[in-house]
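**Q**
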Amino acid sequence: MDVTQLLRDVQGGHRLTEEEAVDLFKVHDRQVWEITAAADVLRERKNGDAVTFVRNQNLNVTNICINACGFCGFSRRESDPDSFLHDETAVRRKVAQARDRNVTEICTVSGLHPAFTGESYVDILAVIRSEAPGIHIHASNPMEVAYGARKSGWTTREMLERMKAAGLGSMCGTAAEILVDSVRERICPGKIDTATWEEIIREAHALGIHTTATIMYGSGESIEERVEHLAIIRRIQEDTGMFTEFVPLSFVHMNTPLFLRNAATAGATGREDILLYAVARMFLDNVDHIQSSWVKLGRKMAQLCLLAGADDLGGTMYEESISKGAGATDTDYLDPGEMHRIAADLGRPLRQRTTLYTLI
Ligand code: SF4
């Protein structure tokens, strides 16, 4: 493959095929920099120079989960000494804290608590909404929707409608992991399958609920499987246009069952991280934004991904605990002052945005 020619073609409007994406992921030498430079040009054309971020706070209502996904270091059994379940008073206290911090978004995803039903998820949204009427609620994911719906005997569409009525502003596109069932069988056998994830995302989009799109890569899946995943995201976006951004989530391995039983690699390499961003920027030509996840990558690598196709730094993430549970450090909070330093070092302005990418 002539990488230089292909990159020229892509910049001229050629849509990357799956085979070409696989070939680009296989580049190991200095042509990696050619690929990132081409992705950076596309980023500049699409989004200009601004590096955006959202002021947000996480709210994990419980870490008690019926599942035991192999890549997850967050979930606990009810009997574990460090398990938690916040009651309504605690949720209200956290929301009030978020309000005081001037966040524009509360992001809430939790474990699948054995006692939770569809009503539980709707009630949590209603509590947040009543405590902070002006804050956008970015919540749940297709797994939680499927779980709540099943527990309450609702269809997933009904569950989404009830959640929207209770205050859901947009839904997290997590629980996607790798959208290939054989991989899901290995890393998260208790989760919904690929078809169900796609169906619930499409239902949300049809109801006017925007979602993010994610990929959790680096736990041992093949390059072809990563590309298969990207192709599903591109296909859905082609039909709905309701993905706000694509968020690559690099596998944080340290405390995860998969890694501890030698069933996963120690995460993606730096080259793989950079290429995931760059190839995604080219392949997902119909997704406006790519988010550099400092929580997963660390601040230095997150900055480099802003030179490889990403235009967004995600959230301030007060109270992040999912990546921390898997062994990541420094995930608690990133001050906009530090984000400004990261962006300014690239000669780019930092701009605050809403969840749906309106600049503030
Ligand atoms: S990833 Fe989610 S569903 Fe899986 S074990 Fe962790 S909290 Fe539970």
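Just so we're aligned, residue 17 is where the sequence shown starts under my numbering, counting upward by one. For each residue, glycine too, the CB sits at the ideal point set by N, CA and C. As the structure is a computational prediction, the values presented were derived from the model and not from experiment.
Exposed or buried, GLN73, counting other C-beta atoms within 10 Å across all chains shown (16 or more means buried)?
**A** buried
**Q** Tell me whether HIS154 is buried or exposed, calling it buried when 16 or more other Cβ atoms sit within 10 Å of its Cβ.
**A** buried
**Q** For ALA282, I'd like the list of residues in its chain whose CB is within less than 6 Å of its CB, leaving aside the five on either flank, ordered along the chain.
**A** HIS269
**Q** Does the Cβ of GLY308 have 16 or more other Cβ atoms within 10 Å, making it buried, or fewer, making it exposed?
**A** Before going on, a small fix: residue 308 reads as Ser here, not Gly. The residue in question, SER308, is buried, as its Cβ has 16 or more Cβ neighbours within 10 Å.
**Q** For the beta strand (DSSP E) containing GLU135, name the first residue and the last one.
**A** Premise fails: GLU135 lies in the alpha helix (DSSP H), 134–147, not in any beta strand (DSSP E).
**Q** Go through the stretch 90–141 residue by residue and report every complete run of the alpha helix (DSSP H) that reaches 4 residues or more, in order.
**A** 104–116
**Q** In the DSSP output, which residue or residues are listed as bridge partners for MET232?
**A** LEU265
**Q** Any residue with its C-beta under 5 Å from a non-hydrogen atom of ligand 1 counts. Can you list them all in chain order?
**A** Here the list is CYS81, ASN83, CYS85, CYS88, SER91, GLY127.
**Q** Excluding five sequence neighbours on each side, which residues of the same chain lie with their C-beta closer than 6 Å to the C-beta of ALA136?
**A** One detail in the question is off: residue 136 reads as Ser in this sequence, not Ala. Same-chain partners within the cutoff: there are none.
**Q** Could you pull out every unbroken alpha helix (DSSP H) segment of at least 4 residues lying fully inside the stretch 184–264, listed in chain order?
**A** 197–203, 210–222, 239–256
**Q** Which residue's Cα is closest to the Cα of HIS356: ASN302, ARG202, LEU366, TYR349?
**A** Between HIS356 and the set ASN302, ARG202, LEU366, TYR349, the nearest pair of CA atoms involves LEU366.
**Q** Check whether the Cβ atoms of VAL125 and THR172 lie closer than 9 Å to each other.
**A** no
**Q** Buried or exposed: which applies to PRO130, given that a residue is buried once 16 or more other Cβ atoms fall within 10 Å of its Cβ?
**A** exposed
**Q** Express the C-alpha separation of PRO97 and GLY325 in angstroms, rounding to a whole number.
**A** 42 Å
**Q** Rounding to the nearest angstrom, what Cα-Cα distance links PHE90 and ALA211 in this structure?
**A** 25 Å
**Q** Between THR260 and SER186, which are expected to be in contact by the criterion C-beta below 8 Å, what is the C-beta distance as a whole number of angstroms?
**A** 7 Å
**Q** Taking just the CA atoms, how far does ALA66 sit from ALA411?
**A** Because the chain is modelled from 17 through 376, residue 411 falls outside the range shown and cannot be assessed.
**Q** Cα-Cα, which of ARG297, ILE239, ASP328, ALA359 is closest to GLU35?
**A** Measuring from the Cα of GLU35, the nearest candidate turns out to be ILE239.
**Q** Looking at the secondary structure, which residues open and close the alpha helix (DSSP H) in which ASP328 lies?
**A** Element bounds for ASP328: not the alpha helix (DSSP H) but the beta strand (DSSP E), 328–331.
**Q** If you drop the 5 nearest sequence neighbours on each side, which residues of the same chain put their C-beta closer than 7 Å to that of VAL48?
**A** ARG287, ILE290, LEU291.
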